[in-house]
Amino acid sequence: MKKTIRDFDLNNKRVIIRVDYNVPIKDGIITDDNRILASIPTINYALENGAKIILMSHLGRIKTEEDKETNSLNIVASRLSKILNREVVFSDMTHGPELEDSINNLSQGDILLMENTRFEDLDGKKESSNDPELGKYWATLGDIFINDAFGTCHRAHASNVGIASHLPSGIGFLVEKEINNLSVLNNPDRPFTVIMGGAKVADKIGVIENLVTKADYILVGGGMAYTFLKAKGLPIGKSLLDEENIDFCKKMLKEYSNKIILPIDSVNGKDISDEIVSECNIQDMKDDDIGLDIGHSTVELFKQYLEQSKTIIWNGPVGYSEIEAFSTGTKELCEILKNLDATKIIGGGDTAAAVINFGYSEYMTHISTGGGASLEYLEGKILPGIDIISDK
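FYI, the numbering used here numbers position 31 of the sequence shown as 12, with every residue one higher than the one before it.
Written as structure tokens, this is what we have:
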């Protein structure tokens, strides 16, 4: 069990909290502040216990000087200040005397948000490559390190692994919640069913290999389903095909034919933007059809398995859910899950976005905040950002 923020005396200590403020921004406006809101319980706990808080986060990818103009965390400092109803000091520096002075001037209950940690990537990718000197330097700015950015835990960066290598360290409430909910995999109530969607089989090989031995059923949808269907010798028209992994699909279907459940019908277009949508049984797909969603018969088939399940993990939309014409399958699965008395875990990324945007978040047991991190956790991989944290 990892140490948490509760295991430290925070009084009058400089507490570095690695948060995930990699929020979507359009035309200078934050369009979704869920990741900011998710950090509030840990920040409030630190405030209540007399800490001097130093927040660190990345935002976007920084490859050129021009990228800095559209990826400053200054806008996040303003939003966080409104949410907390208190001043959040913003430092536009990621190192140097000016940043150090700002931190040294903090009093108990003060909050400082440092500029985008990835600004350091312009100098040899020091943040993303976990430059040892950068991690060591950032550690000198605090007394205690708390990692509350689950979305970056699958990466070894200077702002998580680097700092934690030099300071007493623990996890925040968000990361603790993620670990506790995803650890249901270790001993799930059964039947245990996985909904697996997304585009390519290649992206999910590790997850499939790990979960197929643990789950009772894997319901396959999304673009990746058509590679499995092709492996069965069924027509898929011009649907997305991951040719390099057909043999993998054949192997999985042969070894786990009783577990892997494939679509029996498909919602098709002639291209992604096509307004002329057709629905047919898989064996009736035409040569110019592009499968872009599961059909109603597949929804009913999946429903039979879901209604008897006690634990459900969903990773990947089952259709091109960003487009209304091909969002029905994903919406209908949300509606099915809404009414189930089961543990319902939603993987991060596109799945989380779909569930939230379609208005079903309150009906899920847990929605992960980390797309890549939750994916690698489901693969059974060690997450370096968590692994480096001290054990109790």
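Note that beta-carbon positions come from the ideal geometry of N, C-alpha and C, so glycine has one too.
Small disclaimer: the values here were computed from a predicted structure and weren't measured.
Buried or exposed: which applies to residue i, given that a residue is buried once 16 or more other Cβ atoms fall within 10 Å of its Cβ?
i: K267; result: exposed
i: L243; result: buried
i: M(-18); result: exposed
i: N(-7); result: exposed
i: E47; result: exposed
i: N86; result: exposed
i: D1; result: buried
i: P113; result: exposed
i: N167; result: exposed
i: E190; result: exposed
i: I326; result: buried
i: P298; result: buried
i: R(-13); result: exposed
i: S302; result: buried
i: E313; result: buried
i: N33; result: The sequence given here has Lys at residue 33, not Asn. The residue in question, K33, is buried, as its Cβ has 16 or more Cβ neighbours within 10 Å.
i: G178; result: buried
i: I84; result: buried
i: G300; result: buried
i: G204; result: buried
i: E288; result: exposed
i: I(-2); result: buried
i: S374; result: One cannot answer for residue 374 here, as it falls past the ends of the chain, which runs -18 to 373.
i: I363; result: exposed
i: I236; result: Reading off the sequence, residue 236 comes out as Glu, not Ile. Exposed.
i: T121; result: exposed
i: S308; result: buried
i: I10; result: exposed
Could you check which residue in the options has the C-alpha nearest to that of residue i?
i: G330; options: V(-4), L122, N3; result: N3
i: D372; options: G151, L221, A183, I263; result: G151
i: I125; options: D104, K106, G153; result: G153
i: G202; options: K185, N162, H138, G77; result: K185
i: N338; options: I326, G351, A19, I304; result: I304
i: I271; options: K219, S38, A19; result: K219
i: D246; options: Y237, L(-9), P216, A335; result: P216
i: K117; options: D8, T350, H138, D(-10); result: H138
i: G123; options: R60, L(-9), E157, N15; result: L(-9)
i: P149; options: E343, N128, L65; result: N128
i: E79; options: N66, Q89, L93; result: L93
i: T45; options: T23, I34, A145, D104; result: D104
i: A334; options: D82, D13, S238; result: D13
i: N239; options: S109, C261, T194; result: T194
i: I369; options: Y26, I144, Q89; result: I144
i: N111; options: H147, E81, S83, G77; result: H147
i: E343; options: I363, H277, L321; result: L321
i: I263; options: Y237, G214, E236, K232; result: G214
i: E260; options: G31, G9, G310, Q89; result: G310
i: K181; options: G77, V(-4), I11, D223; result: D223
i: L318; options: T23, A306, E281; result: E281
i: Q89; options: R(-5), G340, M233; result: R(-5)
i: Y26; options: K7, R60, F(-11); result: F(-11)
i: V165; options: T324, L36, T279; result: T324
i: G77; options: W119, I56, R60, A306; result: W119
Compute the beta-carbon to beta-carbon distance between residue i and residue j, rounded to the nearest angstrom, for a pair I have assumed lies under 8 Å.
i: I43; j: D102; result: 5 Å
i: A183; j: N141; result: Actually they are not in contact, since the Cβ atoms of A183 and N141 sit about 27 Å apart, beyond 8 Å.
i: S290; j: F173; result: 7 Å
i: G366; j: R136; result: 7 Å
To which residues of the same chain is residue i closer than 8 Å at the C-beta, ignoring the five residues directly before and after it?
i: N62; result: Correcting the residue identity first, residue 62 is Ser in this sequence and not Asn. Taken in chain order, the residues that qualify are E68, V69.
i: N97; result: S38, H39, L40, G41, I43, K49, N52, S53, L54, T75
i: A19; result: D1, L155, T350
i: I64; result: D14, I17, L18, I21
i: N162; result: I326, T346, H347, S349
i: D269; result: G218, K219, K251
i: K158; result: H347
i: E81; result: L122
i: D73; result: S53, N55, E96
Excluding the 5 residues flanking residue i on each side, which residues of the same chain have their C-beta closer than 7 Å to its C-beta?
i: Y286; result: T174, Y198, L200, I242
i: K49; result: I43, F100
i: L115; result: E101, K107, E108, A139, G143
i: P169; result: T292
With a threshold of 6 Å on Cβ separation, who are the neighbours of residue i within its own chain once the five nearest residues in sequence on each side are excluded?
i: F209; result: V201, C230, L243
i: F283; result: L200
i: L192; result: V175
i: G351; result: F131, G132, G329
i: G250; result: V258, I271, L273
i: G187; result: E360
i: G276; result: D246, S247, V248, E260
i: A58; result: V69, F71, L94
### Message
I want to know whether the segment 283 to 299 touches the segment 345 to 365 - three or more CB-CB distances under 8 Å.
### Response
They touch, by the three-pair rule.
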